[in-house]
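> Residue numbers (numbering that gives the first Met the number 0): 0 to 665. Glycine included, C-beta positions come from ideal geometry on N, C-alpha and C.
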Amino acid sequence: MLYFLFTDTCLRISKEQSCSMKATPLYSNALSWVSCWQVKHNEVPRGTEWRSVLQFVFWNSTPNITIHFLSLSTAGFVAFLITACVMSFQRALALFVMTCLVLVIKIYELIKKLWGKRIVRLFQNLFLRAIFALLALGGLVAWLAIDTAKRPEQLISFGGLCMFIIILFVFSSHPGQVSWRAVGWGLGLQFCLGLFIIRTEPGFAAFDWLGLQIQIFLDYTKAGSGFVFGEALIADVFAFQALPIVIFFSCVMSILYYLGLMQWLILKIAWLMQITMGTAPTESLSVAGNIFVGQTEAPLLIRPYLPEMTKSEIHAVMTGGYATIAGSVLGAYISFGISASGLIAASVMAAPCALALSKLSYPEVEESKFMTEEGVKIDCGDAQNILEAASNGASDSICLVANIAANLIAFLAILEFLNAGLSWIGGMVDYPELTFELICSYIFMPIAFMMGAEWKDASVMAELIGVKLFLNEFVAFKRLSLYQENRLNGLEEYLNGKKQWITPRTETIATYALCGFANFSSIGIMLGGLSSMAPQRKGDMAQLVIRALFTGTCTSLLNACVAGILYVPRGSVDCVSFLNGSLFNTASSELFGCCQDLFSRSVYLLPILYSHSCGFSKSTHTGVRVHNAAFHFPNRLGGGEIPHGPRLTLVTWRPTTVSVEIPTFF
0 MLYFLFTDTC LRISKEQSCS MKATPLYSNA LSWVSCWQVK HNEVPRGTEW RSVLQFVFWN
60 STPNITIHFL SLSTAGFVAF LITACVMSFQ RALALFVMTC LVLVIKIYEL IKKLWGKRIV
120 RLFQNLFLRA IFALLALGGL VAWLAIDTAK RPEQLISFGG LCMFIIILFV FSSHPGQVSW
180 RAVGWGLGLQ FCLGLFIIRT EPGFAAFDWL GLQIQIFLDY TKAGSGFVFG EALIADVFAF
240 QALPIVIFFS CVMSILYYLG LMQWLILKIA WLMQITMGTA PTESLSVAGN IFVGQTEAPL
300 LIRPYLPEMT KSEIHAVMTG GYATIAGSVL GAYISFGISA SGLIAASVMA APCALALSKL
360 SYPEVEESKF MTEEGVKIDC GDAQNILEAA SNGASDSICL VANIAANLIA FLAILEFLNA
420 GLSWIGGMVD YPELTFELIC SYIFMPIAFM MGAEWKDASV MAELIGVKLF LNEFVAFKRL
480 SLYQENRLNG LEEYLNGKKQ WITPRTETIA TYALCGFANF SSIGIMLGGL SSMAPQRKGD
540 MAQLVIRALF TGTCTSLLNA CVAGILYVPR GSVDCVSFLN GSLFNTASSE LFGCCQDLFS
600 RSVYLLPILY SHSCGFSKST HTGVRVHNAA FHFPNRLGGG EIPHGPRLTL VTWRPTTVSV
660 EIPTFF
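1. Going straight from the alpha carbon of residue 232 to that of residue 334, what length do you get?
2. Just grab the DSSP bridge partners of residue 494 for me.
3. Establish whether the CB of residue 475 and some CB of chain C are separated by less than 8 Å.
4. Are the stretch 251 to 261 and the stretch 297 to 305 touching, with three or more C-beta to C-beta distances below 8 Å?
5. Is it buried or exposed for residue 553, if we count other Cβ within 10 angstroms and need 16 for buried?
6. Quick one: grab the DSSP three-state call for residue 154.
7. When the Cα of residue 271 is compared with those of 135, 177, 185, which residue comes out closest?
8. Contact between the stretch 444 to 461 and the stretch 150 to 158: three or more CB pairs below 8 Å?
9. Can you tell which of 522, 483, 523 has the C-alpha that lies nearest to the C-alpha of residue 508?
10. Excluding the five sequence neighbours on either side, which residues of its own chain have a C-beta within less than 7 Å of the C-beta of residue 230, listed in chain order?
11. Less than 6 Å between C-beta atoms, sequence neighbours within five positions excluded: which residues of the same chain meet that for residue 368?
12. Could you give the first and the last residue of the continuous alpha helix (DSSP H) run that contains residue 514?
13. Just to confirm before moving on: does the CB-CB distance between residue 178 and residue 362 stay below 8 Å?
14. DSSP three-state label for residue 430, please.
15. Under the three-state reduction of DSSP, which class applies to residue 257: helix, strand or coil?
16. Name the two residues that bound the continuous alpha helix (DSSP H) containing residue 206.
17. Which ranges does the alpha helix (DSSP H) cover as unbroken runs of at least 4 residues, wholly within the stretch 277 to 325, from first to last along the chain?
18. In chain order, what residues of the same chain have a beta carbon less than 6 Å from the beta carbon of residue 330, not counting five sequence neighbours either side?
19. Measure the C-alpha to C-alpha separation of residue 565 and residue 194 and round it to an integer number of angstroms.
20. Is it right to say residue 348 is buried, meaning 16 or more other beta carbons lie within 10 angstroms of its own, or is it exposed?
21. What is the residue span of the alpha helix (DSSP H) that residue 482 lies within?
22. Are the CB atoms of residue 323 and residue 344 within a distance shorter than 8 Å?
23. Would you kindly work out how many angstroms separate the C-alpha atoms of residue 90 and residue 274, rounded to a whole number?
24. Return helix, strand or coil for residue 521, following the three-state DSSP convention.
25. If I follow the unbroken alpha helix (DSSP H) through residue 381, where does it start and stop?
26. Tell me whether residue 42 is buried or exposed, calling it buried when 16 or more other Cβ atoms sit within 10 Å of its Cβ.
27. Leaving aside the five residues before and after residue 138 along the sequence, list all residues of the same chain whose C-beta is less than 8 Å from its C-beta, in chain order.
28. Name the residue from 317, 118, 255 whose alpha carbon lies nearest to the alpha carbon of residue 284.
29. State the DSSP-derived secondary structure class of residue 362, mapped to helix, strand or coil.
30. Count the other C-beta atoms from every protein chain shown that fall within 10 angstroms of the C-beta of residue 384, then say buried if there are 16 or more, exposed otherwise.
31. Which value, in whole angstroms, describes the spacing of the CA atoms of residue 449 and residue 166?
32. Can we say the stretch 204 to 220 touches the stretch 396 to 415, given the rule of at least three CB pairs closer than 8 Å?
33. Since I believe residue 468 is in contact with residue 518 (beta carbons under 8 Å), could you give me their beta-carbon distance rounded to a whole number of angstroms?
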């Protein structure tokens, strides 16, 4: 990695500082370079410019030293990597993955340089493209037929996917002008990404590992927020627990932008969508940027081009903003307990889907000025160094954090007032249970069912969709995390007729459905942000914003349908349903998995002293939750009431024994 970084740096310096000069001795070369600088900038170089002179002299005059330095650096890094992998591959996994990524990028650049034009010409052959499309379609149909034979409920999600496509086509502004290439490729890219992430072992393991690394990385926020607010506040208060993560993530994103890494990644994703879907570089770039930044930040990537973009392209920009979430708030959702890998996968899959559905809802009928644009530039910002970039990122997040806090206070208060009013109205006809959530659960229940949610969970899923659409996604994700926590805590499924938790399958579908900024409160944010960049197009934006909101909502719901088609339980057991069901073998792997789940999913602060043989050592777990789970299933875990004593063995596993010893405070 040192080799590649150093090589790129040296090449960049040599390219930036190249000046036409004849082959002269070292001193003459240096003087010629200084003269070139004076002519170009009309000043004598000083400070950082003198450092550039020395770098230029070093690079042009001492090739042997440079080669030796690069060779030694590469050899040293390879030796270090091998040693780290031999000593503990698990500890060195992150470094190994980053090294492999750098190698893949360099190999890709080499292949592109040597055979890129030949490969492009090969795929421009219409006959080969038609064969490829037919094979892909036939393979998809065959796979669906075989796979859904084992899990028929997946056909419901497939029906939901078709339903949303038909709805958007029926309400399309120009149905006869739809580019089915863009629609087909966009949905195909989305499905392939979902297939790789959700169904393949390497993809699932990679995104699960990536989600875990992001969680670990975001935990470093506690060092700063704990120092400023104190440990007690960040443990119990939402504002001091989740919102500092937004500040930290914004700071990191600003650093990545300064280094140029985000621009490179966004350009590659945009290039892939452009060559496959045939969309303009500007709209592809904005939608790709929405994977990492918010609905008002992504259009900044194409700010100079906004005034001359077509209505269809502006609609695509808006739809991309509504269909995805910003990286800065991703950490806040993860802090709720929402699956990090699911959120990342949903954001990545939503990008091509948003562009495809945008071209279905509002097809291109004008002639774009940017279809042949080759050199779309991305601004790197005005930060002078990495410290300024970090500081700017933290400062810029203040408005975002204040906006999140203010919106949560306002919308939760409005929701409480609305529910009180509806309850008052319902009480007049002996139905005081009438609430906003109940109304949403009836309105959106068919949609939730068509997305793949079980019928018994459809009302809860519909409630979450309504809260997300009419309030905001923060409130909806918080509600989802409560349902998830109730399930993991082993609460009863129903309490006073109200459902307390939903199944893991429905949780996964809900995560994909809620992953987006599409809600009515975002209309003002979208219009205000875009109209400030292109005031002359404000009328067009106001005309398109409601349609874009509808398309962005359908994108998130269709994304959830794909998750429902591809979802399979991976070694996890729904412990509440399992233990509350029929009699089971006490030596089953499912029981052992539930024993593990009681420990690995707990996040409370009470310590448990226990002995075991399955790797639970040196952790802090929830004694209260284990006790409640055991009390909830007394007949399954030994029968009768749970005695009080110095130690209590809850589960015995044969041939391996897992004994859980609970202190006497129970």
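This is what the structure gives:
1. On the sequence shown, position 233 is the one that residue 232 refers to. On the sequence shown, position 335 is the one that residue 334 refers to. Whole-angstrom Cα-Cα distance: 15 Å.
2. One-based indexing of the sequence shown puts residue 494 at position 495. Looking at the DSSP assignment, residue 494 forms a beta bridge with 497.
3. The chain labelled as chain C is not found in the depicted structure, where only one protein chain is given.
4. no
5. Taking the sequence shown and counting its residues from 1, the one referred to as residue 553 is at position 554. Buried.
6. The residue you call residue 154 lines up with position 155 of the sequence shown. DSSP places residue 154 in helix when its eight states are reduced to three.
7. By 1-based counting over the sequence shown, the position of residue 271 is 272. The shortest Cα separation from residue 271 among 135, 177, 185 belongs to 185.
8. yes
9. Here residue 508 refers to the residue found at position 509 of the sequence shown. Minimum Cα distance to residue 508 is reached at 483.
10. Counting from 1 along the sequence shown, the entry for residue 230 is found at position 231. None.
11. Taking the sequence shown and counting its residues from 1, the one referred to as residue 368 is at position 369. The residues are 307.
12. For this step, residue 514 is matched to residue 515 along the sequence shown. Taken as a continuous stretch (DSSP letters only), residue 514 belongs to no alpha helix (DSSP H), as it is neither H nor E.
13. The sequence position of residue 178 within the sequence shown is 179, counting from 1. The sequence position of residue 362 within the sequence shown is 363, counting from 1. Yes, these two residues count as a Cβ contact at 8 Å.
14. Residue 430 sits at position 431 when you count from the first residue of the sequence shown. In this structure, residue 430 counts as coil in the three-state DSSP scheme.
15. As a first step, residue 257 must be located in the sequence shown, where it is residue number 258. Correct three-state label for residue 257: helix.
16. The sequence position of residue 206 within the sequence shown is 207, counting from 1. Unbroken alpha helix (DSSP H) run through residue 206: 200 to 217.
17. 280 to 288, 310 to 322
18. By 1-based counting over the sequence shown, the position of residue 330 is 331. Closer than 6 Å at the Cβ level, and outside the excluded window around residue 330, lie 217, 244, 248.
19. Here residue 565 refers to the residue found at position 566 of the sequence shown. Here residue 194 refers to the residue found at position 195 of the sequence shown. C-alpha separation (whole angstroms): 7 Å.
20. Looking up residue 348 in the sequence shown gives position 349. Classification for residue 348: buried.
21. Start at 1 with the first residue of the sequence shown, and residue 482 comes out as number 483. Per DSSP, residue 482 belongs to the alpha helix (DSSP H) from 472 to 487.
22. In the sequence shown, counting from the first residue as 1, residue 344 sits at position 345. In the sequence shown, counting from the first residue as 1, residue 323 sits at position 324. Their beta carbons are not under 8 Å apart, which means residue 344 does not touch residue 323 by this criterion.
23. Walking along the sequence shown from the start, residue 90 turns up at place 91. Walking along the sequence shown from the start, residue 274 turns up at place 275. Between residue 90 and residue 274, the C-alpha separation is close to 39 Å.
24. By one-based count along the sequence shown, residue 521 stands at place 522. Helix, per DSSP.
25. As a first step, residue 381 is located in the sequence shown; it is residue number 382 there, counting from the start. Element bounds for residue 381: n/a, residue is neither H nor E.
26. Within the sequence shown, numbered from 1, the residue matching residue 42 stands at position 43. Unreliable positioning characterises residue 42 in this predicted model, as indicated by a pLDDT of 46, which lies under 50. The coordinate reading is nonetheless provided below. When all chains shown are included, residue 42 counts as exposed.
27. Against the sequence shown, residue 138 aligns to sequence position 139. Here the set comprises nothing.
28. Counted from its first residue, the sequence shown places residue 284 at position 285. Closest option to residue 284, Cα to Cα, is 317.
29. Stepping through the sequence shown from its first residue, residue 362 is reached at position 363. In the structure shown, residue 362 sits in coil (DSSP, three-state: anything other than H, G, I, E or B).
30. On the sequence shown, residue 384 is found 385 positions in, with the first residue counted as 1. So residue 384 ends up on the exposed side.
31. As a working note, residue 449 is residue 450 in the sequence shown. As a working note, residue 166 is residue 167 in the sequence shown. For residue 449 and residue 166, the distance between alpha carbons rounds to 13 Å.
32. no
33. Here residue 518 refers to the residue found at position 519 when the sequence shown is read from its first residue. Here residue 468 refers to the residue found at position 469 when the sequence shown is read from its first residue. With a Cβ gap of about 5 Å, residue 518 and residue 468 count as contacting.
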